[in-house]
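Start counting at 1 in the sequence shown, then tack on 1, and there's your number in this note's numbering.
Beta carbons are placed, not taken as given, at the ideal position from N, Cα and C, and that holds for glycine.
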Amino acid sequence: MEVAGAERVAASALIGVLALQGDFAAHRQVLETLGAAVREVRTPDDLDGLDGLVLPGGESTTMTLGIEREGLAEPLRAVHVAGTPILGTCAGLIMADREHLGLMDMVARRNAFGRQVHSFEADLELGLDGGPVRAAFIRAPWIAEHGPGVEILAAVDGHAIAAREGRVTVLSFHPEITGEHRLHARFLREVLDVQAARR
Ligand code: GLN
């Protein structure tokens, strides 16, 4: 598949994608296109030995129930505490907030753009080579409040929709469904940097 900005960057990285519910298969496809090995994560054992972790979009209520059922909350937090890079998209952003897994010092507002405007696309300037990112928002959250350590990367109508704190990056939108691979490529480069620093 030929996609703007895509490059094979991650031959040695093993990325876990939380696969209880949601669009984990789309993330898997992008990551594999970029050369990473992917493991679908359904139980705590699946988290062993990961170099990076993706929390996909989907339905945060259902995802929360799955995490409780499988006893995944503490093991997921441990991945974060170990300094493993994490990327969350849409419901994955919600899962990262203070009221869910607490991976980032922020609070997400679910379905924040209103019920009438369930879905829309926008071009976002995220400082990537190749120009703005075509971003698909699907019943998307925004970041309603955040602590001082959180860097806001982009906003729509004044509302924060992309952010970073330490090695956690969250996006309200779905780069995995618009053929946009640059944000995954950037994530994989961070994974490789962390890997190299750990050796
Ligand atoms: N609206 C969903 C929720 O609140 C998130 C939507 C998505 O991940 N596309 O969980």
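For S120, the beta-bridge partners assigned by DSSP are I139. Under the 10 Å beta carbon count, F121 is surrounded by fewer than 16 other beta carbons and is classified as exposed.
Look at T44 here: in three-state DSSP terms it is coil, with no helix or strand label.
Rounded to the nearest whole angstrom, the CA to CA distance from A137 to L129 is 17 Å. Inter-segment contact for the segment 94-104 and the segment 53-65 is present: three or more beta-carbon pairs are separated by less than 8 Å. Distances taken from the Cβ of E60 to the heavy atoms of ligand 1 include one shorter than 7 Å. For L129, there is no enclosing beta strand (DSSP E), as DSSP marks it with neither H nor E.
Contact check for V39 against D106 fails: the beta carbons are separated by 8 Å or more. Unbroken beta strand (DSSP E) runs of no fewer than 3 residues, entirely contained in the segment 18-67, are found at 38-42 and 53-56, following chain order. The Cβ atoms of H175 and L35 lie no closer than 8 Å to each other. Note: R165 is bridge-paired with E152 and T170 in the DSSP secondary-structure output. Only residues of its own chain outside the window of five on either side were considered, and among them S61, I95 and P142 have a CB closer than 7 Å to the CB of R111, listed in chain order. Contact check for V18 against L48 fails: the beta carbons are separated by 8 Å or more. Relative to the non-hydrogen atoms of ligand 1, the Cβ of A163 never comes closer than 7 Å to any of them.
When secondary structure is reduced to three states using DSSP, A145 falls in the strand class. Between L189 and A37, the C-beta spacing is below 8 Å. In the three-state DSSP reduction, M105 falls in the coil class, being neither helix nor strand. Buried is the label assigned to S173, since at least 16 other Cβ atoms lie within 10 Å of its Cβ. For L88, the uninterrupted beta strand (DSSP E) run begins and ends at I87 to T90, by DSSP.
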